[in-house]
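Residue numbers (full-length UniProt numbering): 1 to 255.
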């Protein structure tokens with residue numbers, strides 16, 4: 001299987017490596033329910049590291065071998081060796097036993113990379129299987145308001161520019177097409193890597209996300225055997241409002 005995110009992996013931490021607004025949320029819930037903990041779509045290990053440093057038994061799974069390799073390197077550089085990483089799809093958690101994890105979570109839209117409703121439901125059903133009866137699941141996805149979707153569906157946009165430790169810089173541009181009838185977003189990313197000498201190398205990659213509205217998500221959770229504990233609009237667990245940027249779903253398995 002091709003690794004669609006291999007092109008993103010070398011640059012991912014330039015944008016998200018220092019993002020920590022959600023760290024206390026996951027640490028707080030993990031402190032409450034205990035471990036082991038499983039992150040779905042763990043990427044380069046941004047959240048695995050602080051959870052492991054807090055003394056939790058941590059597992060991560062991601063469909064991208066390149067992302068897993070980056071996560072392994074991050075953990076090794078930090079001297080953390082007891083995190084279990086797997087390359088795999090979150091729709092198939094057969095490597096993990098039933099009722100094993102005290103917390104399972106998917107951060108920053110990872111869940112939306114499952115491109116169909118069927119795959120999303122399959123993943124939730126798998127999570128319910130591996131979740132301890134006293135455990136919790138947390139999903140962090142963006143709030144797809146009409147204004148947000150309209151802003152996404154535009155021509156080429158400039159996303160950011162980041163200096164590299166070895167010199168030079170990376171500029172990222174993106175184009176997104178929104179298909180409301182299918183709740184699908186097609187994204188193409190352009191990474192322009194400017195060398196210290198001035199030469200430019202472009203990397204292009206594309207991926208698909210299927211966005212979910214609030215009450216559809218609640219329906220999926222119910223269908224998969226979950227009881228919703230709350231829907232929040234921030235990492236501080238503020239109520240979901242019309243202008244909330246994120247939707248945070250916290251649920252436990254139905255008995």
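Beta carbons are placed, not taken as given, at the ideal position from N, Cα and C, and that holds for glycine.
All values reported here derive from a predicted model rather than from experimental measurement.
- DSSP places residue 43 outside both helix and strand once states are collapsed to three, so it counts as coil.
- With respect to the 9 angstroms criterion, residue 172 and residue 191 are classified as neighbours on the basis of their beta carbons.
- The three-state reading of DSSP puts residue 218 in helix, counting H, G and I together.
- For residue 211, the closest of 84, 17, 114 by C-alpha to C-alpha distance is 114.
- Inclusion of residue 142 and residue 40 in the CB contact set at 9 angstroms is not warranted, their separation being larger than that value.
- Residue pairing by DSSP puts residue 209 in a beta bridge opposite 185.
- It is roughly 27 angstroms from the alpha-carbon of residue 62 to the alpha-carbon of residue 158.
- The Cβ-Cβ distance between residue 35 and residue 56 falls below 9 angstroms.
- Sequence-distant partners of residue 91 (beyond 5 residues in either direction) whose C-beta falls short of 6 angstroms from its own C-beta, in its chain, are 119, 122, 123.
- Every unbroken stretch of the alpha helix (DSSP H) spanning 4 or more residues and falling wholly within the UniProt domain "Methyltransferase" (37 to 135) is given here in chain order: 48 to 53, 65 to 77, 117 to 130.
- Between residue 162 and residue 16, the C-beta spacing is not below 9 angstroms.
- In the displayed model, residue 235 falls within coil according to three-state DSSP, outside both helix and strand.
- Annotation for residue 15: the continuous alpha helix (DSSP H) segment containing it runs 9 to 16.
- If you ignore the 5 residues before and after residue 149, its C-beta comes within less than 6 angstroms of the C-beta of 178, all in its own chain and listed in chain order.
- Inclusion of residue 112 and residue 175 in the CB contact set at 9 angstroms is not warranted, their separation being larger than that value.
- For residue 138, same chain residues with a beta-carbon under 6 angstroms away, outside a window of 5 residues either side, are 105, 250 in chain order.
- Take residue 7, set aside five residues on each side of it, and the residues of its chain with a beta-carbon closer than 6 angstroms to its own are 203, 205, in chain order.
- Under the three-state reduction of DSSP output, residue 27 falls in the helix class.
- For residue 151, the enclosing alpha helix (DSSP H) begins and ends at 146 to 152.
- The continuous stretches of beta strand (DSSP E) do not include residue 254, and DSSP gives it neither H nor E.
- Under the DSSP definition of a beta bridge, residue 163 partners with 169.
- Here the C-alpha atom of residue 130 lies approximately 9 angstroms from the C-alpha atom of residue 94.
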